[in-house]
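Everything on this sheet refers to the single structure shown next.
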Amino acid sequence: MKKFIGGLLLIGGFVFSSAQTISFEKTTIDYGTVPVNADGNRVFTFKNTGNKPLILSNVQPGCGCTASEWPKEPVMPGKSAQIKVHYSTANAAPFKKSIDVFSNDPVNGRVVLYIQGTVDANAKTEEKTLAPKK
């Protein structure tokens with residue numbers, strides 16, 4: 079019986095050590111203070127640090143003011159990919175929103191990402207200036 083239990087523990091340890099693993103560069107993006115109708119697009123980068131293909135089954139924003147795009151194809155071991163999020167900056171107010179990421183990672187099958195910031199009606203947009211031609 080002891081050998082049987084020990085064997086199960088050994089097999090279980092091997093399964094988790096040789097699995098797909100999702101690792102994010104960061105799990106929170108701070109927009110800072112942005113003007114109304116500013117660019118609400120941001121990107122979360124993640125990597126499969128395991129040795130099996132990583133599959134995202136769903137990326138679910140916490141509310142209708144946030145949208146997401148994610149790779150539908152498997153992310154191979156050692157490769158990186160991106161989850162694109164868009165927050166609607168139409169209303170002036172502080173915000174902190176969550177995005178649930180579901181994958182086949184046996185340890186972190188659900189990861190919660192956050193976006194936060196303040197949409198301010200008085201904030202100035204960044205103006206890009208071109209250098210004068212000589």
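First residue of the sequence shown? That's 79 in the working numbering, and the numbers climb one at a time after it.
Backbone N, C-alpha and C define an ideal beta-carbon position, used for all residues, glycine too.
Span of the beta strand (DSSP E) around GLN160:
Start and end: 158-165.
Consult DSSP for GLU103 and reduce its assignment to one of helix, strand or coil.
In this structure, GLU103 counts as coil in the three-state DSSP scheme.
On a CA-only basis, which of VAL112, PHE173, ASN126, VAL114 is nearest GLY140? Give me that one, please.
GLY140 has its Cα closest to that of PHE173, out of VAL112, PHE173, ASN126, VAL114.
Could you check what DSSP says for ASN200 in three-state terms: helix, strand or coil?
Correct three-state label for ASN200: coil.
Which term fits SER158, buried or exposed, when burial requires 16 or more other beta carbons within 10 angstroms of its beta carbon?
If you draw a 10 Å sphere on the C-beta of SER158, you find fewer than 16 other C-beta atoms in it, and that means exposed.
Rounded straight-line distance, which links the Cα of ALA116 to that of ARG188
For ARG188 and ALA116, the gap between their C-alpha atoms comes out near 30 angstroms.
Which whole-angstrom value is the C-beta distance of ILE177 and THR144, which I expect to be below 8 angstroms?
Right, their Cβ atoms sit about 7 angstroms apart.
Just checking my contact of ASN126 with PRO149 at CB under 8 angstroms: how many whole Å lie between their CB atoms?
Not confirmed; about 11 angstroms, so no contact.
Take the Cβ of SER135 as the centre, count every other Cβ of all protein chains shown within 10 Å, and call the residue buried at 16 or more, exposed below.
The residue is exposed, with fewer than 16 neighbouring Cβ atoms inside 10 Å.
What's the C-alpha gap between GLN98 and VAL153?
Our two residues, GLN98 and VAL153, have alpha carbons roughly 9 angstroms apart in a direct line.
With distance defined between alpha-carbon atoms, name the residue in ASN186, THR167, LEU132 nearest to ASN119.
Taking only the C-alpha atoms, the option nearest ASN119 is THR167.
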